[in-house]
Amino acid sequence: MPYNLTDQFIKINETTGTIQNTSHIYSVEVSHSPDNVGGILLFPLQKVSFCNQTIYLRCAEPGGRVLVRLSPFLVNAVAASSSLPSSTEEHFNQDDLDYIF
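For the sequence shown, this note's numbering gives the first residue as 315, with consecutive numbering after it.
Below is the structure:
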């Protein structure tokens, strides 16, 4: 589904999917709130997936207009697995530093 964006936030209908910024020039701000509390920037020609979330979009450039396309499926999503360790914390010791230097 296409959305024509201005510099004012709009709430999209979908709660899961992939947003693609089709602009070659303007970035799109993706947020959970329409209150200018900050979101993420989706740079030109980039895409981002989301799942079970309320999303607001706008063109990040004041006075700008941009077309985004929304697909109802996830792209490049990583699924959780119970076989993965619960902690990704890494520990370094003196042997690691000696190897580097």
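Here a beta-carbon is modelled for each residue, glycine too, at the ideal position from N, C-alpha and C.
Inset, instruction - Grab the span of the beta strand (DSSP E) containing Cys365 for me, first residue to last. - result: Per DSSP, Cys365 lies in no beta strand (DSSP E) and is assigned neither H nor E.
Inset, instruction - Assign Ser337 to one of three DSSP states: helix, strand, or coil. - result: DSSP places Ser337 in coil when its eight states are reduced to three.
Inset, instruction - For Cys373, count neighbouring Cβ atoms within 10 angstroms of its own Cβ and tell me buried if that reaches 16, exposed if not. - result: By the 16-neighbour rule on beta-carbons within 10 angstroms, Cys373 is buried.
Legend entry - Proximity of Tyr317 and Leu384 at Cβ, strictly below 8 Å: The Cβ atoms of Tyr317 and Leu384 sit closer than 8 Å to each other.
Inset, instruction - Please state whether DSSP places Glu343 in a helix, a strand or coil. - result: Correct three-state label for Glu343: strand.
Legend entry - Beta-carbon proximity list for Ala393, same chain, < 6 Å, skipping 5 on both sides: Model confidence at Ala393 stands at a pLDDT of 44, short of 50, so the residue's coordinates are unreliable; what they give is reported in the following sentence. Sequence-distant Cβ neighbours of Ala393 in its own chain, meaning closer than 6 Å and more than five residues away, do not exist here.
Inset, instruction - Report the three-state DSSP secondary structure of Ile326 (helix, strand or coil). - result: Assigned with DSSP and collapsed to three states, Ile326 falls in coil, not helix or strand.
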